[in-house]
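Peer 1:
2 protein chains.
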Amino acid sequence: MPKNAIYPRHSHPWGELVYSYSGVMEISLKDGYFLAPPQYAVWLPPNMEHQGLNRQAAVHCSLYVSLDLCAPLPKETTALEVSPMLRTMLEHLRETEGTNPNDPAHLRFMQVVVDLFAAGQQVGSFLPWSTDSLLEPILQHLQDNSADNRSLAELARLHETTERTLIRRCQRDLGIPFAEWKQRLRVLKAMPLLEAGEPVQNIASSLGYNRASSFIAMFRRMTGRTPDDYRKSVMKFKS
Amino acid sequence: MPKNAIYPRHSHPWGELVYSYSGVMEISLKDGYFLAPPQYAVWLPPNMEHQGLNRQAAVHCSLYVSLDLCAPLPKETTALEVSPMLRTMLEHLRETEGTNPNDPAHLRFMQVVVDLFAAGQQVGSFLPWSTDSLLEPILQHLQDNSADNRSLAELARLHETTERTLIRRCQRDLGIPFAEWKQRLRVLKAMPLLEAGEPVQNIASSLGYNRASSFIAMFRRMTGRTPDDYRKSVMKFKS
DNA sequence: TGCGTATATATTGAAATTATGACAGTTGCT
DNA sequence: AGCAACTGTCATAATTTCAATATATACGCA
Numbered sequence: 021m022p023k024n025a026i027y028p029r030h031s032h033p034w035g036e037l038v039y040s041y042s043g044v045m046e047i048s049l050k051d052g053y054f055l056a057p058p059q060y061a062v063w064l065p066p067n068m069e070h071q072g073l074n075r076q077a078a079v080h081c082s083l084y085v086s087l088d089l090c091a092p093l094p095k096e097t098t099a100l101e102v103s104p105m106l107r108t109m110l111e112h113l114r115e116t117e118g119t120n121p122n123d124p125a126h127l128r129f130m131q132v133v134v135d136l137f138a139a140g141q142q143v144g145s146f147l148p149w150s151t152d153s154l155l156e157p158i159l160q161h162l163q164d165n166s167a168d169n170r171s172l173a174e175l176a177r178l179h180e181t182t183e184r185t186l187i188r189r190c191q192r193d194l195g196i197p198f199a200e201w202k203q204r205l206r207v208l209k210a211m212p213l214l215e216a217g218e219p220v221q222n223i224a225s226s227l228g229y230n231r232a233s234s235f236i237a238m239f240r241r242m243t244g245r246t247p248d249d250y251r252k253s254v255m256k257f258k259s
Numbered sequence: 021m022p023k024n025a026i027y028p029r030h031s032h033p034w035g036e037l038v039y040s041y042s043g044v045m046e047i048s049l050k051d052g053y054f055l056a057p058p059q060y061a062v063w064l065p066p067n068m069e070h071q072g073l074n075r076q077a078a079v080h081c082s083l084y085v086s087l088d089l090c091a092p093l094p095k096e097t098t099a100l101e102v103s104p105m106l107r108t109m110l111e112h113l114r115e116t117e118g119t120n121p122n123d124p125a126h127l128r129f130m131q132v133v134v135d136l137f138a139a140g141q142q143v144g145s146f147l148p149w150s151t152d153s154l155l156e157p158i159l160q161h162l163q164d165n166s167a168d169n170r171s172l173a174e175l176a177r178l179h180e181t182t183e184r185t186l187i188r189r190c191q192r193d194l195g196i197p198f199a200e201w202k203q204r205l206r207v208l209k210a211m212p213l214l215e216a217g218e219p220v221q222n223i224a225s226s227l228g229y230n231r232a233s234s235f236i237a238m239f240r241r242m243t244g245r246t247p248d249d250y251r252k253s254v255m256k257f258k259s
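Taken in sequence, the protein lines are chains A and B.
Start counting the first sequence at 21; every next residue gets the next number (my numbering).
Start counting the second sequence at 21; every next residue gets the next number (my numbering).
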């Protein structure tokens, strides 16, 4: 899909697993919102009204899950962690696209993919948001200046509050610590730059890291693979 | 298994897929011989008399395949190429060892593993041998001096024959070109060194390469992964 | 996360090596 | 003589390696 593509809001009587090979996927619901890079997938139970969109160009797929196979999957809409094993299988699917869809071996393969999704850990949106009057300006500021390395204490001072308060609001509204949120943001910023072929060194410094190795270590912790690995796996789907 | 382990010669009324996570596996039959590093697996149809052995220490597994699932697999004993996808699944099995073996999802997973083996390309022994009077001394010499970079023409001169004749005999007896054989030999020599933690640079030069990058490129072509990747995946099974 | 260092990998154009097919010569056999 | 299998020569195509360099990653310690 090209950038800024929007899927109309709709629903259907079967389950849907949305996975992104490259780029970030966003799903919005009547009462919820999920943002999912390639290490997450979004599970939509049958009859769940949803709307998809991707801000940057993206390569993604949806797995439609027949009603009678939905039992082992969550009853709620949720993001699921995609293990490296599962990712490999999804990439294999993409590579062998077009083989006979009725081949029994292929059907078995698909069933195992669903099994693995069902075994995945439920998680929230990769980058949660808050409209809290104190928090939102800070989050917005970081969105626009991701290289800002000022400490939480300094940010608190700037916005006339205290570090402790900000920490409490992060925990309450975002569900994750402030540092984690900033790292996730940087991962998301890094992805399109990696896809654009930017050297890891440059990306690291443009995100506020003084050393590439620090950035690499962070990216690895967050996504399970190194920046260059991520780039390589993405490139497979762009040629 | 420790080095020089030998499995007694035997047979059984079910199929067997032999796969090596690390180290090289050897299977000898009444009328055949297979040598298989981790990118190969050996398929033994039901009731096939066989004997296994591993010269170096190895971590391997056998998948027993019930008679009624053997239909899609070859009727003959053969080596099968193990795709990266399949390797990932086998490693996953190894990591999640001990989960309930009667779990339906696990059984489905196993079935897919067999499906993928069945889809694998049939190949011969990874390192074939010849007892040809001209060829054998040369092969033996390379076994003992794998860093020898003398050209085929020079070797021919030494053994009082011509380059063209050697090439013809390789094709006839080994089924693969001379250069391919030498590279496979070097891959086999490299594996235990990698497992021993030897730096890639040293291994490369001890095998006759002037530059590590040449060795890396060769190893990658032959095995589908880089030397260090190989080492890492092996290390997972040694701790 | 900063920072320095050791290691590992990819890339590229030039040089060397190997593979392949065509053809002719040799040998051994009938 | 005729046939078959093998061998040497040569030109060309395909691969591999070299060499230098740029990048990327891991690791230890502060």
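Glycine included, C-beta positions come from ideal geometry on N, C-alpha and C.
Identify, in the order they occur along the chain, each residue of the same chain with its Cβ nearer than 7 Å to the Cβ of Leu194 of chain A, setting aside the five sequence neighbours on each side.
Peer 2: Stepping through the first sequence from its first residue, residue 194 of chain A is reached at position 174. Here the set comprises Pro148, Ser150 and Trp201.
Peer 1: Return yes when the Cβ of Ala167 of chain B is within less than 8 Å of the Cβ of Gly228 of chain B, no when it is not.
Peer 2: Within the second sequence, the letter at position 208 stands for residue 228 of chain B. Within the second sequence, the letter at position 147 stands for residue 167 of chain B. The answer is yes: Cβ separation under 8 Å.
Peer 1: Around the Cβ of Pro22 of chain A, are there at least 16 other Cβ atoms within 10 angstroms (buried) or fewer (exposed)?
Peer 2: What you label residue 22 of chain A is simply residue 2 of the first sequence in a count that begins at 1. By the 10 Å Cβ count, Pro22 of chain A comes out exposed.
Peer 1: Can you pull the chain B neighbours of Arg128 of chain A, defined as C-beta to C-beta under 8 Å?
Peer 2: For the purposes of this step, residue 128 of chain A is taken as residue 108 along the first sequence, with counting starting at 1. Near Arg128 of chain A (Cβ distances below 8 Å), the residues of chain B are Arg128, Gln131, Val132 and Asp135.
Peer 1: Compute the distance between the beta-carbons of Val133 of chain B and Leu110 of chain B, then report whether it is under 8 Å.
Peer 2: Position 113 of the second sequence, counted from the first residue, corresponds to residue 133 of chain B. Position 90 of the second sequence, counted from the first residue, corresponds to residue 110 of chain B. Going by C-beta atoms, Val133 of chain B is nearer than 8 Å to Leu110 of chain B.
Peer 1: So Tyr41 of chain A is in the beta strand (DSSP E); what residue range does that whole segment cover?
Peer 2: Counting from 1 along the first sequence, the entry for residue 41 of chain A is found at position 21. Run containing Tyr41 of chain A: Gly35 to Ser42, per the beta strand (DSSP E) assignment.
Peer 1: Judging by CA-CA distance, which residue of A:Thr243, A:Gly52, A:Val85 and A:Leu55 is the nearest neighbour of Thr203 of chain A?
Peer 2: Here residue 203 of chain A is taken as the residue at index 183 of the first sequence, counted from 1. It is worth fixing the name first, because residue 203 of chain A is Gln in this sequence and not Thr. Nearest C-alpha to Gln203 of chain A: A:Thr243.
Peer 1: What's the C-alpha gap between Arg241 of chain B and Glu101 of chain B?
Peer 2: Here the question's residue 241 of chain B lines up with position 221 in the second sequence. Here the question's residue 101 of chain B lines up with position 81 in the second sequence. The alpha-carbon atoms of Arg241 of chain B and Glu101 of chain B are separated by roughly 14 Å.
Peer 1: Among all the DSSP beta bridges, which residues are the ones paired with Gly217 of chain A?
Peer 2: The count along the first sequence starts at 1 and reaches residue 217 of chain A at position 197. Answer is none; Gly217 of chain A lacks a bridge partner.
Peer 1: How many angstroms separate the CA atom of Gln76 of chain A from the CA atom of Glu115 of chain B?
Peer 2: Locating residue 76 of chain A in the first sequence gives position 56, where the first residue counts as 1. Locating residue 115 of chain B in the second sequence gives position 95, where the first residue counts as 1. In a straight line, the C-alpha of Gln76 of chain A is about 36 Å away from that of Glu115 of chain B.
Peer 1: If Pro58 of chain A and Tyr41 of chain A are in contact, beta carbons under 8 Å, what's the gap, nearest whole angstrom?
Peer 2: Here residue 58 of chain A is taken as the residue at index 38 of the first sequence, counted from 1. Here residue 41 of chain A is taken as the residue at index 21 of the first sequence, counted from 1. About 6 Å; that satisfies the 8 Å criterion.
Peer 1: Within the 8 Å Cβ cut-off, does His112 of chain B reach chain A?
Peer 2: Stepping through the second sequence from its first residue, residue 112 of chain B is reached at position 92. At least one chain A Cβ lies under 8 Å of His112 of chain B.
Peer 1: Would you mind working out which of A:Gln71, A:Pro121 and A:Ala56 sits nearest Ala78 of chain A, comparing C-alpha positions?
Peer 2: Here residue 78 of chain A refers to the residue found at position 58 of the first sequence. That would be A:Ala56, whose Cα lies nearest to the Cα of Ala78 of chain A.
Peer 1: What would DSSP say about His30 of chain B, mapped onto helix, strand or coil?
Peer 2: Within the second sequence, numbered from 1, the residue matching residue 30 of chain B stands at position 10. Three-state result, His30 of chain B: strand.
Peer 1: Applying the criterion that 16 or more other CB atoms from any shown protein chain within 10 Å of the CB defines a buried residue, is Ile223 of chain A buried or exposed?
Peer 2: Position 203 of the first sequence, counted from the start, is the residue given in the question as residue 223 of chain A. By the neighbour-count rule (16 or more Cβ atoms within 10 Å), Ile223 of chain A is buried.
Peer 1: What residues are listed by DSSP as bridge partners for Leu87 of chain A?
Peer 2: The residue you call residue 87 of chain A lines up with position 67 of the first sequence. Paired residues: none, contrary to the question.
Peer 1: Assign Ile26 of chain A to one of two classes, buried (16 or more other C-beta atoms within 10 Å of its C-beta) or exposed (fewer than that).
Peer 2: Along the first sequence, one-based indexing puts residue 26 of chain A at 6. By the 10 Å Cβ count, Ile26 of chain A comes out exposed.
Peer 1: What did DSSP end up calling Ser82 of chain B once you bin it into helix, strand or coil?
Peer 2: Along the second sequence, read from residue 1 onward, the residue named residue 82 of chain B stands at position 62. If DSSP states are grouped into helix, strand and coil, Ser82 of chain B belongs with the strands.
Peer 1: Could you tell me the alpha carbon to alpha carbon distance between Gly140 of chain B and Ser103 of chain B, rounded to whole angstroms?
Peer 2: In the second sequence, counting from the first residue as 1, residue 140 of chain B sits at position 120. In the second sequence, counting from the first residue as 1, residue 103 of chain B sits at position 83. Cα to Cα, the separation comes out at about 7 Å.
Peer 1: Mind checking the stretch 79–113 of chain B against chain A and listing, in chain order, the residues whose C-beta falls within less than 9 Å of any C-beta there?
Peer 2: Listed by position along the chain: Pro92, Ser103, Pro104, Met105, Thr108, Met109, Glu111 and His112.
Peer 1: Buried or exposed, going by whether 16 or more other CB atoms sit within 10 Å of the CB of Gly118 of chain A?
Peer 2: Taking the first sequence and counting its residues from 1, the one referred to as residue 118 of chain A is at position 98. Exposed, by the Cβ-count rule.
Peer 1: Measure the CB-CB distance between Asn67 of chain A and Pro33 of chain A and report whether it falls below 8 Å.
Peer 2: The residue labelled residue 67 of chain A in the question sits at position 47 within the first sequence. The residue labelled residue 33 of chain A in the question sits at position 13 within the first sequence. For Asn67 of chain A and Pro33 of chain A, yes; Cβs fall inside 8 Å.
Peer 1: Going straight from the alpha carbon of His179 of chain A to that of Arg170 of chain A, what length do you get?
Peer 2: Position 159 of the first sequence holds residue 179 of chain A. Position 150 of the first sequence holds residue 170 of chain A. Between His179 of chain A and Arg170 of chain A, the C-alpha separation is close to 13 Å.
Peer 1: Are the beta-carbon atoms belonging to His65 of chain B and Ala138 of chain B less than 8 Å from one another?
Peer 2: The sequence position of residue 65 of chain B within the second sequence is 45, counting from 1. The sequence position of residue 138 of chain B within the second sequence is 118, counting from 1. Correcting the residue identity first, residue 65 of chain B is Pro in this sequence and not His. It is not a contact, given that the beta carbons lie outside the stated cut-off.
Peer 1: Are the C-beta atoms of Ala125 of chain B and some chain A residue less than 8 Å apart?
Peer 2: Here residue 125 of chain B corresponds to residue number 105 of the second sequence, with the count starting at 1. Closer than 8 Å to some Cβ of chain A, the Cβ of Ala125 of chain B qualifies, so yes.
Peer 1: Would the beta-carbon of Leu49 of chain A fall within 8 Å of that of Thr97 of chain A?
Peer 2: Locating residue 49 of chain A in the first sequence gives position 29, counting from the first residue. Locating residue 97 of chain A in the first sequence gives position 77, counting from the first residue. Result yes, Cβ atoms of Leu49 of chain A and Thr97 of chain A sit closer than 8 Å.
Peer 1: For a test of the three-state rule: what should DSSP assign to Ala77 of chain B, helix, strand or coil?
Peer 2: One-based indexing of the second sequence puts residue 77 of chain B at position 57. Coil at Ala77 of chain B, not helix or strand.
Peer 1: Can you give the Cα-Cα distance for Asn24 of chain B and Met45 of chain B, rounded to whole angstroms?
Peer 2: Taking the first residue of the second sequence as 1, we reach residue 24 of chain B at position 4. Taking the first residue of the second sequence as 1, we reach residue 45 of chain B at position 25. Approximately 11 Å between the Cα atoms of the pair.
Peer 1: Which residues bound the beta strand (DSSP E) around Thr151 of chain B?
Peer 2: Translated into the one-based positions of the second sequence, residue 151 of chain B becomes position 131. Premise fails: Thr151 of chain B is in no beta strand (DSSP E) and is neither H nor E.
Peer 1: Go through its chain and collect everything with a Cβ distance to Leu213 of chain B's Cβ below 6 Å, but skip five positions before and after it.
Peer 2: In the second sequence, residue 213 of chain B corresponds to position 193, counting from 1. The residues are Ile223.
Peer 1: Per DSSP, Gln71 of chain B is paired with what?
Peer 2: Your numbering for residue 71 of chain B matches position 51 in the second sequence. Beta-bridge pairing links Gln71 of chain B to B:Ser48.
Peer 1: Among the residues of its own chain, which have a CB less than 7 Å from the CB of Thr181 of chain B, if the five just before and after it don't count?
Peer 2: Position 161 of the second sequence, counted from the first residue, corresponds to residue 181 of chain B. Excluding residues within five positions, the ones whose Cβ falls inside 7 Å are Leu154.
Peer 1: May I have the straight-line CA-CA distance separating Gln191 of chain B from Pro247 of chain B, to the nearest angstrom?
Peer 2: Taking the second sequence and counting its residues from 1, one reaches residue 191 of chain B at position 171. Taking the second sequence and counting its residues from 1, one reaches residue 247 of chain B at position 227. Each residue's alpha carbon lies about 28 Å from the other.
Peer 1: Which of helix, strand or coil does DSSP assign to Tyr6 of chain A?
Peer 2: Because residue 6 of chain A is not part of the residues shown, which for chain A are 21 to 259, the question remains open.
Peer 1: Quick one: grab the DSSP three-state call for Tyr319 of chain A.
Peer 2: Because chain A in this structure spans residues 21 to 259, residue 319 of chain A falls outside the shown range and cannot be described.
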